[in-house]
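Visitor: The structure's right below; bear with me while I get my questions together.
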């Protein structure tokens, strides 16, 4: 089971420095997310600053760019990194797409299916100068009179899909080169809910388990003061507990009431109350936070279930010093694995 890292930095320079340290520590992949930064630009900087580690987006928003733009960015990043790119895509939520980006939402599962097919076709054939015509409700492509004059490093770039809901998870199993988990999760949820749905998708796509890389994710805080580690991770748990999309996820783990308490504090504008409403038991169930030994023990729960685990430090309702302390612990964990 490989350990991979999502580095954090207050500046791009710090982000790149942490990515280099992650490569030195032996991380299998360095990932970048897309929300407060774009995905391609930081990843380009990391590609230039590293030499061997795989680089990936976890995730780039699939619907806010055309498949043509995403394919061109992916081929540029793959060239810049010498063939080290994994293109991780996610749908995001409707409000983010429509209100923030003025992007089409449509039916997200069907939309993502068409998006992936178009990107793959453009990566494979846009350098040949042949017409590319793809029908579709969401992402039709009519490409004529275009030939990309740069041969691609690879005509097939791995595309991983982030998925939480059942239908999107099945799609990841059916068409994805990999599946990327949400940063809150548990081995039990992966075993009992996610893997069966991925398996259904694999069967639908006529594929085997070896065709899909399963990437679990975890907010990770290995810190000598285990109590403090849990309180830092609690902020991230509280942040996601305010999002109604994840209500079933929290309820399945037995924390429906705790999530409701977080939402009540959120509605009253009480950030401190939000974090305080997250008990240590909730943190233990959904994150990897505690002393380094405790974190290593819970991380072992993913053995035999996931091919890789993506580790990220907490970034919600904590000062930068806490995020840096968690990140240093993650790099020590990776180096010692």
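In my numbering, the protein residues as written are 4 to 340.
Beta carbons: idealized from backbone N, C-alpha and C, even for Gly.
Bear in mind that the values here come from a model prediction, so they are computed numbers and not experimental data.
Where do the ends of the alpha helix (DSSP H) carrying residue 331 lie?
Guide: Reading the chain shown from its first residue, position 328 is the one you call residue 331. Segment 323-339, the alpha helix (DSSP H) holding residue 331.
Visitor: Is residue 178 helix, strand or coil by DSSP?
Guide: By 1-based counting over the chain shown, the position of residue 178 is 175. Residue state, collapsed to three classes: helix.
Visitor: Does the segment 48-67 touch the segment 86-95, meaning 3 or more C-beta pairs lie closer than 8 Å?
Guide: Cβ pair count under 8 Å is three or more, so yes.
Visitor: From which residue to which residue does the beta strand (DSSP E) around residue 58 run?
Guide: As a working note, residue 58 is residue 55 in the chain shown. Element bounds for residue 58: 57-60.
Visitor: Tell me, please, whether the segment 146-161 touches the segment 197-209 by the rule of three or more beta-carbon pairs shorter than 8 Å.
Guide: No contact exists between the segment 146-161 and the segment 197-209.
Visitor: Identify every run of the alpha helix (DSSP H) within the segment 160-245, keeping only runs that are complete inside it and at least 4 residues long; order them along the chain.
Guide: Correct list: 169-178, 198-207, 229-244.
Visitor: Do you know how far the Cα of residue 134 is from the Cα of residue 239?
Guide: On the chain shown, position 236 is the one that residue 239 refers to. On the chain shown, position 131 is the one that residue 134 refers to. Answer to the nearest angstrom: the Cα atoms are 47 Å apart.
Visitor: Is it true that the CB of residue 271 sits closer than 7 Å to the CB of residue 6?
Guide: One-based indexing of the chain shown puts residue 6 at position 3. One-based indexing of the chain shown puts residue 271 at position 268. The answer is no: Cβ separation not under 7 Å.
Visitor: Does the Cβ-Cβ distance between residue 311 and residue 218 come in under 7 Å?
Guide: Along the chain shown, read from residue 1 onward, the residue named residue 311 stands at position 308. Along the chain shown, read from residue 1 onward, the residue named residue 218 stands at position 215. Cβ atoms of residue 311 and residue 218: closer than 7 Å.
Visitor: Can you check DSSP and say which residues form a bridge with residue 5?
Guide: Indexing the chain shown from 1 puts residue 5 at position 2. 311, per the DSSP bridge assignment.
Visitor: If you reduce the DSSP assignment to three classes, tell me which class residue 145 lands in.
Guide: Looking up residue 145 in the chain shown gives position 142. The answer is strand: DSSP assigns residue 145 an E or B state.
Visitor: Per DSSP, residue 92 is paired with what?
Guide: Taking the first residue of the chain shown as 1, we reach residue 92 at position 89. DSSP, once it has assigned bridges, lists 63, 164 as partnering residue 92.
Visitor: Over the uninterrupted alpha helix (DSSP H) stretch that includes residue 255, give me the two end residues.
Guide: The residue given as residue 255 occupies position 252 in the chain shown. 250-255 is the span of the alpha helix (DSSP H), which, as asked, contains residue 255.
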